[in-house]
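Engineer: Can you keep this structure in mind? I'll have questions shortly.
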Amino acid sequence: MPPVSLIHILLVSTGLFFIGMYGLFTRRNLVTVLMAVELMLNSVNINFIAFNRYLFPGRLDGVFFTLFNIAIAAAEAAVAIAIIINLYRTHRSIDVEGAQEMKY
Amino acid sequence: MPVDSCLFLVLLLPLAVFVLLGLGGKGRFVNTAGPIATIMLLVVTGLALYAAGEYFFVFGKAGGIYRPALLFSFTWLQFTPSLAINMGLLLDPVSAMMIAIISFVSLMVHLFSLGYMKGDNRQGPYYAFLSLFTFSMLGLVLSANIFQLYFFWELVGVSSYLLIGFYYQRGAAVAAAKKAFIVTRFADLGLLVGILIIAFSAGSLDFAVIISRLSDTGSSWARAASGTGFLGLSLLTWALVLVFAGGAGKSAMFPLHIWLPDAMEGPTPVSALIHAATMVVAGVFLVARLFPVFVTDVTALGLVAYTGAITAVLAAIMACVQQDIKRVLAYSTMSQIGYMMLALGVAGRGGEGLGFMAAMFHLFTHAFFKSLLFLGAGAIIHVVHSNNMQDMGGLRKQMPVTHTCFLIACLAISGIPPLAGFFSKEEILAAAWEGNRVIYCAGLLVSGFTAFYMFRLYFSIFWSKEDANHHNQPEAAVTMKLPMLILAVITVLAGFVPFSRFVTADGVSLAAHIDVIFSIAPVALACAGIGLAAYYYGRPGDRPVRAARAFGAIYRVALHKFYIDEAYLFITRAIVFKGIGRPSAWFDRKAVDGMINYTAKGIGAFSGRVKGWQSGRLQHYALYFIAGVGGLILLLWLTGLR
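Dropping the structure here:
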């Protein structure tokens, strides 16, 4: 079995990114949309780790950045869930179609 | 009391009454307004007569010459170090005479109004407007500065407007008020431009400075003003002609006279005060004020003379065919003011300054007998409830006091000796004889016409029919009879005032002369006019109708007031509105507004197309965002900015 190269990892992360994007565009449930966003975020994290491992093995900048991203993602999830809860309270639904006030 | 504080009170008391009654508004002071205003005006009249007396007999004369006295002055607006607007009080023979006339006639009118306006619930505003008018007219004649005069000039215009339109429930009164205001405003434009030219060419707005600089033809100011020309006339001539145009508008001179007959829609006492005795002579006053400048300019003075003569003749002819008694009096006023103007116009300087004196004398006597005529007309209208002389007749037994007073005034205005009108008219004709024979003939003609139309009025009202008893109403109240009687006495006596000793062009006393031979022609003409009127209108019959038919076209033209109103309507409607107004309106709608409107419409249509993109769906916005980022990446990649 050949060793795993950078290109394989990038293929995985790209796949993950577009799966997330597809979810973002098509899902109606806001929780699922949030999950899709998390997928996209994590594909970026994978990119950071991969570039750090293959291009600058002696340094840790990518790892730190990833840790930072995970922290940010946690905060973002908290905010997003708060928004979703509030949306549910006002609209009795967490369907993205339900909130259409921002229209012409 | 010193004269200057006296004059301050003369100005401020009517103003205070105006503010008090004006703030009260409709429904307040209904019964108290008249007494308040009348008592205040009694004080004002006393003070004004005192000030005039002090001027004429105590301090005005210095070395045998009456000199203008500047009693008060302060700088109100300093434009440049050399040009300022000063507010001041100027007392000279003319203004001293004017304050006496104005306050006295105003007092008579106030007294008369006590009876005439009884029962009207808008007496508060009525007396407020009268006070405003008295204040502004007194301010006008006391102005020391031509700009100050302009302020008061506009103020009298406003109060005239308010009083003409006093019965605002009547459409005709509203239209008449508007007409008077617009026509005089139109003329005031000329006055304003004239004032500006005078200020430019004299370098000052004070009457004293203007007169001293421009009346001396040798001075550098006068030479500069008469040297520069514009359209064939010198700058000075233009200025004087424009100033005279303003005066002609206020004094209802041809062709700006059309507002005065309509102004008779106002209450009759108001007509007596504003449209007979005081405001309408403002134009004469203005020319008299600038008289030393006018005499240096033959063209302007000639214009004054001929305008006056034409107005006097035309108005006298129109007065002969009117049926509304107030309109007859209005045309008669125009005719008499034309008389004053022509006297000013033919006046020379110094020794031949007879015309100036005559004009002022006629102004003085006319104020009394014409306000008496209007008050008499008011008393008659009060009883008959109609302005039309067809509804009257045979009133001499029912209204003996009014009858006597009216007869005295009619005789006075016709120039029958020894009443007031005779003396002043003689002086005017004498001045015209010396100045210009054509104008003298016009004056002579007018004096015949005057006698005819006044006695046509007199006979139609008091004789004509027998025993026409109208509503069995008693004659006017005491408050209405008293001013008429006072004015009648003055009308009899005013001619004997040695007027030429007091008011002359240069302040030097003039010897008055009544030449018996010279008086024969006008008096004979006047008697002929009276006889003719008695023949036609003395008793009931169809003689007037037959006469009207005999004159045919001339009668019709005069009845339609020489079609001057129609000419104005044609000019405004066909030329100004259709020729200028409508194309301008089209251009404004299509080009000026159109540019803005079409831009807005285009943008609106565009945004209508693209607003659908704002779907309100979160995922669409995310898609646009991603697509935008993708597009940017593509762009950077394609342009090589990696």
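As given, the protein sequences belong to chains H and U, one line each in that order. Numbering follows this note's numbering, in which position 57 of the first sequence is assigned residue number 57; successive positions increment by one, without gaps. Numbering follows this note's numbering, in which position 356 of the second sequence is assigned residue number 356; successive positions increment by one, without gaps. Just so it is clear, CB atoms sit at the ideal spot from N, CA and C, and this is done for glycine as well.
#1: Tell me, to the nearest whole angstrom, how far the beta carbon of L301/U is from that of V295/U; I am working on the premise that it is less than 8 Å.
#2: When DSSP labels each residue in this structure, what does L290/U get in the three-state scheme?
#3: Excluding five sequence neighbours on each side, which residues of the same chain lie with their C-beta closer than 7 Å to the C-beta of S159/U?
#4: In this structure, does DSSP put G350/U in helix, strand or coil?
#5: Whole-angstrom Cβ separation of V43/U and I99/U, contact assumed at under 8 Å?
#6: Since N86/H is in the alpha helix (DSSP H), which residue starts that stretch and which ends it?
#7: May I ask you to report which of helix, strand or coil DSSP gives W76/U?
#8: Which whole runs of the alpha helix (DSSP H) in the stretch 249–322 of chain U are 4 residues long or more, in chain order?
#9: Show which residues of chain H have a CB atom less than 7 Å away from the CB atom of A622/U.
#10: Can you tell me whether T639/U is buried or exposed? The criterion is at least 16 other CB atoms within 10 Å of its CB, across all chains shown.
#11: Can you look up S386/U in the DSSP assignment and give me helix, strand or coil?
#12: When Cβ atoms are compared, which residues of the stretch 604–631 of chain U fall closer than 8 Å to chain H?
#13: Among G20/H, N42/H, L30/H and I19/H, whose alpha-carbon lies nearest the alpha-carbon of N69/H?
#14: From which residue to which residue does the beta strand (DSSP E) around I85/U run?
#15: Considering only the beta carbon of each residue, do M357/U and L510/U sit closer than 8 Å?
#16: What residues from the stretch 86–100 of chain H come within 8 Å of chain U, judged by C-beta to C-beta, listed N to C?
#17: Spatial neighbours of T278/U within its chain, please: CB distance less than 6 Å, with the 5 preceding and 5 following residues excluded, ordered by chain position.
#18: Rounded to whole angstroms, how far is the Cβ of Y167/U from the Cβ of A175/U, which I believe are closer than 8 Å?
#19: Quick test of your reading: I164/U and A187/U, contact by CB under 8 Å. State the CB separation rounded to the nearest angstrom.
#20: So, is I81/H buried or exposed, given that buried needs 16 or more other C-beta atoms within 10 angstroms?
#21: Extract the residue ranges of the alpha helix (DSSP H) inside the stretch 582–614 of chain U, only unbroken runs of 4 or more that lie entirely within it.
#22: Quick check on the burial criterion: 16 or more other C-beta atoms within 10 angstroms. Buried or exposed for Y537/U?
#23: In angstroms, rounded to a whole number, what distance separates the CA positions of I46/H and I9/H?
#24: Below 9 Å between beta carbons is the criterion; list the residues of the stretch 29–50 of chain H that meet it against any residue of chain U, in chain order.
#25: Count the CB pairs spanning the stretch 390–397 of chain U and the stretch 457–466 of chain U that are closer than 8 Å, and state whether there are at least three.
#26: Any idea if H91/H is buried or exposed, counting beta-carbon neighbours within 10 angstroms, 16 or more meaning buried?
#27: Alpha carbon to alpha carbon, how far is I146/U from I195/U? Give it in angstroms, no decimals.
#28: DSSP has S234/U in a bridge; who is on the other side?
#29: If A451/U and I530/U are in contact, beta carbons under 8 Å, what's the gap, nearest whole angstrom?
#30: In whole angstroms, what is the alpha-carbon distance linking V557/U and L569/U?
#31: If we call anything under 8 Å between Cβ atoms a contact, is V31/H one with I84/H?
#32: Could you round the C-beta distance between R67/U and G507/U to whole angstroms and report it? I think they count as a contact, below 8 Å.
#33: Short of 7 Å in beta carbon distance, which residues of its chain neighbour F51/H, apart from the five on each side in sequence? Order them along the chain.
#34: Strictly under 8 Å for the Cβ-Cβ distance: is A600/U near chain A by that measure?
#35: I believe T184/U touches K118/U by the beta-carbon criterion, under 8 Å. Please report the beta-carbon distance rounded to the nearest angstrom.
#36: In chain order, what residues of the same chain have a beta carbon less than 6 Å from the beta carbon of G351/U, not counting five sequence neighbours either side?
Structural biologist: The short version:
#1: Residue mapping note: residue 301/U aligns to position 301 of the second sequence, counting from 1. Residue mapping note: residue 295/U aligns to position 295 of the second sequence, counting from 1. Indeed, because the Cβ distance is near 6 Å, the residues count as touching under 8 Å.
#2: What you label residue 290/U is simply residue 290 of the second sequence in a count that begins at 1. DSSP places L290/U in the coil class of the three-state scheme, outside both helix and strand.
#3: If you number the second sequence from 1, residue 159/U lands on position 159. Closer than 7 Å at the Cβ level, and outside the excluded window around S159/U, lie F129, L132, F133 and S136.
#4: By one-based count along the second sequence, residue 350/U stands at place 350. In this prediction, G350/U has a pLDDT of 44, which is less than 50 and means its spatial position is unreliable; nothing more can be read from the coordinates.
#5: Taking the first residue of the second sequence as 1, we reach residue 43/U at position 43. Taking the first residue of the second sequence as 1, we reach residue 99/U at position 99. Actually they do not touch by this definition, with Cβ atoms about 14 Å apart.
#6: Residue numbering aside, residue 86/H sits at position 86 when the first sequence is read from its first letter. Annotation for N86/H: the continuous alpha helix (DSSP H) segment containing it runs D61 to H91.
#7: Here residue 76/U corresponds to residue number 76 of the second sequence, with the count starting at 1. Here DSSP, grouped into helix, strand and coil, assigns W76/U to strand.
#8: DSSP runs (the alpha helix (DSSP H)) wholly in the stretch 249–322 of chain U: 259–262, 268–272, 282–289, 291–294 and 298–319.
#9: Along the second sequence, read from residue 1 onward, the residue named residue 622/U stands at position 622. Simply L24 and F25.
#10: As a working note, residue 639/U is residue 639 in the second sequence. T639/U comes out exposed.
#11: Here residue 386/U is taken as the residue at index 386 of the second sequence, counted from 1. The three-state reading of DSSP puts S386/U in coil, since its state is none of H, G, I, E or B.
#12: The residues in question are K611, G612, Q614, S615, G616, R617, L618, Q619, A622, L623 and I626.
#13: Numbered from its first residue, the first sequence carries residue 69/H at position 69. That would be N42/H, whose Cα lies nearest to the Cα of N69/H.
#14: Residue numbering aside, residue 85/U sits at position 85 when the second sequence is read from its first letter. Unbroken beta strand (DSSP E) run through I85/U: A84 to L91.
#15: Position 357 of the second sequence, counting from 1, holds the residue named residue 357/U. Position 510 of the second sequence, counting from 1, holds the residue named residue 510/U. Result yes, Cβ atoms of M357/U and L510/U sit closer than 8 Å.
#16: Correct list: V96, E97, A99 and Q100.
#17: As a position in the second sequence, residue 278/U is number 278, starting the count at 1. Only I102 and M137 meet the Cβ criterion.
#18: One-based indexing of the second sequence puts residue 167/U at position 167. One-based indexing of the second sequence puts residue 175/U at position 175. Actually they are not in contact, since the Cβ atoms of Y167/U and A175/U sit about 12 Å apart, beyond 8 Å.
#19: Position 164 of the second sequence, counted from the start, is the residue given in the question as residue 164/U. Position 187 of the second sequence, counted from the start, is the residue given in the question as residue 187/U. Separation of the CB atoms of I164/U and A187/U is rounded to 16 Å, and the pair is thereby denied contact status at 8 Å.
#20: Here residue 81/H corresponds to residue number 81 of the first sequence, with the count starting at 1. It is exposed - the Cβ of I81/H has fewer than 16 other Cβ atoms within 10 Å.
#21: Correct list: 582–587 and 593–610.
#22: Along the second sequence, read from residue 1 onward, the residue named residue 537/U stands at position 537. Looking at its Cβ environment, which holds 16 or more other Cβ atoms inside 10 Å, Y537/U is buried.
#23: Taking the first sequence and counting its residues from 1, one reaches residue 46/H at position 46. Taking the first sequence and counting its residues from 1, one reaches residue 9/H at position 9. Answer to the nearest angstrom: the Cα atoms are 8 Å apart.
#24: Result list: L30 and V33.
#25: Segments in contact, yes.
#26: Mapped onto the first sequence, residue 91/H falls at position 91. Residue burial is scored here from C-beta neighbours: H91/H has fewer than 16 other C-beta atoms within 10 angstroms and is therefore classed as exposed.
#27: Translated into the one-based positions of the second sequence, residue 195/U becomes position 195. Translated into the one-based positions of the second sequence, residue 146/U becomes position 146. Answer to the nearest angstrom: the Cα atoms are 7 Å apart.
#28: For the purposes of this step, residue 234/U is taken as the residue at position 234 of the second sequence. According to DSSP, which records beta bridges pairwise, S234/U is partnered with G229/U.
#29: Counting from one through the second sequence, the residue named residue 451/U turns up at place 451. Counting from one through the second sequence, the residue named residue 530/U turns up at place 530. That pair is a contact at about 5 Å.
#30: One-based indexing of the second sequence puts residue 557/U at position 557. One-based indexing of the second sequence puts residue 569/U at position 569. Going by the C-alpha atoms only, they are around 17 Å apart.
#31: Your numbering for residue 31/H matches position 31 in the first sequence. Your numbering for residue 84/H matches position 84 in the first sequence. Closer than 8 Å, so yes.
#32: For the purposes of this step, residue 67/U is taken as the residue at position 67 of the second sequence. For the purposes of this step, residue 507/U is taken as the residue at position 507 of the second sequence. Yes, they are in contact, since the Cβ atoms of R67/U and G507/U sit about 6 Å apart, within 8 Å.
#33: Numbered from its first residue, the first sequence carries residue 51/H at position 51. Shown here for F51/H: same chain residues with a beta carbon closer than 7 Å to its own, the five before and five after excluded, namely G62 in chain order.
#34: This model lacks chain A altogether, as its protein chains are H and U.
#35: In the second sequence, the residue the question calls residue 184/U occupies position 184. In the second sequence, the residue the question calls residue 118/U occupies position 118. 31 Å between Cβ atoms; not a contact.
#36: Here residue 351/U refers to the residue found at position 351 when the second sequence is read from its first residue. Confidence is the limiting factor: at G351/U the pLDDT is only 46, short of 50, which leaves the residue's position unreliable, though a coordinate-based value still follows. Nothing listed; no residue qualifies.
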